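Colleague: In this note's numbering, the protein residues as written are 1 to 117.
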DNA sequence: AAAGTGACTTGTA
DNA sequence: TTACAAGCCACTT
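#1: Exposed or buried, what is residue 35 when buried is set at 16 or more other beta-carbons lying within 10 Å of its beta-carbon?
#2: Can you tell me the Cα-Cα spacing of residue 32 and residue 42, whole angstroms?
#3: Which one of 94, 61, 62 has the shortest CA to CA distance from residue 74?
#4: With distances taken from CA atoms, which of 48, 100, 68 is nearest residue 85?
#5: Taking residue 99 as the reference, give the member of 48, 7, 62, 107 with the closest Cα.
#6: Leaving out five residues on either side along the sequence, give the residues of the same chain with a beta carbon under 7 Å from the beta carbon of residue 28.
#7: Using DSSP's beta-bridge definition, name the partner residues of residue 26.
#8: Relative to the C-alpha of residue 30, which residue among 79, 24, 38 is closest?
#9: Short check: CB of residue 52 to CB of residue 104, under 8 Å?
#10: In chain order, what residues of the same chain lie with their CB nearer than 8 Å to the CB of residue 70, ignoring the 5 residues before and after it?
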């Protein structure tokens, strides 16, 4: 892992998302913060939508600050995200995921290597 | 240039 | 608790 200060904002977002471990989740806002882009949660969703397929990013591990999947309920993408999360053991109750339980807590070393200082 | 659009977030009621 | 308003920012019309 290398320091990403010279990567484009979009690439930093992709890199952060790629670090989210299986069975865990993060939020658009948190990813934006970790990528050095505070206040740009919406940009994270855009970056994920535009991510090249070959990167095979775990896009489904990014949910909103309410602990909910941000696609409209019962739409195709909503079902796919729900399915992928359940496959890795993330339980969804009443459409919500317990962030205190599944929220990704990056360790210090990970942050030191990843943050754009 | 102005207004509209989102896979967002936070504050307030 | 849920709901709505504002704030937010990068695009697109």
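Idealized CB from N, CA, C, for every residue including glycine. As the structure is a prediction and not an experimental result, all values here were calculated from the model.
Modeller: According to the structure data:
#1: Counting from one through the first chain, the residue named residue 35 turns up at place 35. The residue is buried, with at least 16 neighbouring Cβ atoms inside 10 Å.
#2: Position 32 of the first chain, counting from 1, holds the residue named residue 32. Position 42 of the first chain, counting from 1, holds the residue named residue 42. The straight-line gap from Cα to Cα measures roughly 9 Å.
#3: As a first step, residue 74 is located in the first chain; it is residue number 74 there, counting from the start. Nearest of 94, 61, 62 to residue 74, Cα basis: 94.
#4: Taking the first chain and counting its residues from 1, the one referred to as residue 85 is at position 85. Of the candidates 48, 100, 68, the one whose C-alpha sits nearest the C-alpha of residue 85 is 68.
#5: Within the first chain, residue 99 is the residue found at index 99, counting from 1. Considering only alpha carbons, the answer is 62.
#6: Translated into the one-based positions of the first chain, residue 28 becomes position 28. Around residue 28: 41, 44, 45, 62, 64.
#7: By 1-based counting over the first chain, the position of residue 26 is 26. Its beta-bridge partners are 62.
#8: As a position in the first chain, residue 30 is number 30, starting the count at 1. Cα-wise, what sits closest to residue 30 is 38.
#9: Walking along the first chain from the start, residue 52 turns up at place 52. Walking along the first chain from the start, residue 104 turns up at place 104. The answer is no: Cβ separation not under 8 Å.
#10: Position 70 of the first chain, counted from the start, is the residue given in the question as residue 70. Correct list, in chain order: 28, 45, 63, 64.
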